[in-house]
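Note sheet for the following structure.
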Amino acid sequence: MHVLPSSLEAEIMRIGVKLGADPLTFSGLAGVGDLFLTAQSEKSRNYTVGFRLGKGEKLDHVIATLGSVAEGVETTKAAYALCRKIGVESRLCDAVYSVLFGGVEVHEAVRNLMGRDPHDEFYGIVA
Ligand SMILES: NC(=O)C1=CN([C@@H]2O[C@H](COP(=O)(O)OP(=O)(O)OC[C@H]3O[C@@H](n4cnc5c(N)ncnc54)[C@H](O)[C@@H]3O)[C@@H](O)[C@H]2O)C=CC1
Ligand SMILES: O=C(CO)COP(=O)(O)O
18 MHVLPSSLEA EIMRIGVKLG ADPLTFSGLA GVGDLFLTAQ SEKSRNYTVG FRLGKGEKLD
78 HVIATLGSVA EGVETTKAAY ALCRKIGVES RLCDAVYSVL FGGVEVHEAV RNLMGRDPHD
138 EFYGIVA
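Reminder that position 45 of the sequence shown reads as 62 in my numbering, one-by-one numbering, no gaps.
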């Protein structure tokens with residue numbers, strides 16, 4: 018259950034470190050605290066979008082009926098572009114992007130992710 022948020026935390030750290038940030042910044046409230054809250058709370062807008070997509074609803078319909086703005090949808094586009102620009106591998110962001118904008122089904126995106134070669138959890142973060 019915590020594999021995805023934990024791996025995403027490392028991915029976010031890799032992006033930050035590449036841009037010159039202190040990795041410790043992402044282990045505090047504004048990093049891991051915010052991520053785990055959003056990733057696990059049924060009250061979260063972003064969680065709700067993911068949950069409903071997982072149930073098979075279409076993104077356009079979810080956005081139109083959410084009743085609020087889940088910034089993660091647009092942020093995924095920005096993060097996807099940023100990772101390409103700065104040359105950081107972003108498996109999880111890419112998987113989310115493929116579901117949101119690439120027509121990939123959630124189960125297919127998860128299967129693609131699980132089929133990738135494993136790598137050291139903290140590569141690109143600690144020497
Ligand atoms: N609440 C939280 O725990 C966190 C929130 N954020 C982000 O901070 C931002 C604000 O969050 P909250 O204050 O909780 O949200 P909120 O829902 O209380 O406030 C969002 C405001 O943006 C307005 N808005 C929505 N779409 C707009 C548009 N197209 N043009 C102009 N205004 C628009 C809404 O009417 C609302 O007043 C969001 O992007 C959220 O994802 C980030 C981290 C944590
Ligand atoms: O954007 C947020 C966390 O980064 C907060 O929004 P939700 O927790 O409502 O998804």
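Every residue gets a Cβ at the ideal spot worked out from N, C-alpha and C, and that includes glycine.
For clarity, every value in this text was computed on a predicted model and none was experimentally measured.
Practice prompt. Could you round the C-beta distance between A112 and L99 to whole angstroms and report it? I think they count as a contact, below 8 Å.
Written response: About 16 Å separates the two Cβ atoms, so there is no contact after all.
Practice prompt. To the nearest angstrom, report how far apart I142 and Y97 are at their CA atoms.
Written response: 19 Å
Worksheet entry | Separation of G120 from H78, as counted between CA atoms | 14 Å
Discussion item. Once DSSP output is grouped into helix, strand and coil, what is the label at A56?
Written reply: helix
Worksheet entry | Rounded Cβ spacing between V86 and V66 (contact assumed at less than 8 Å) | The pair is not a contact, with the Cβ atoms about 10 Å apart (cut-off 8 Å).
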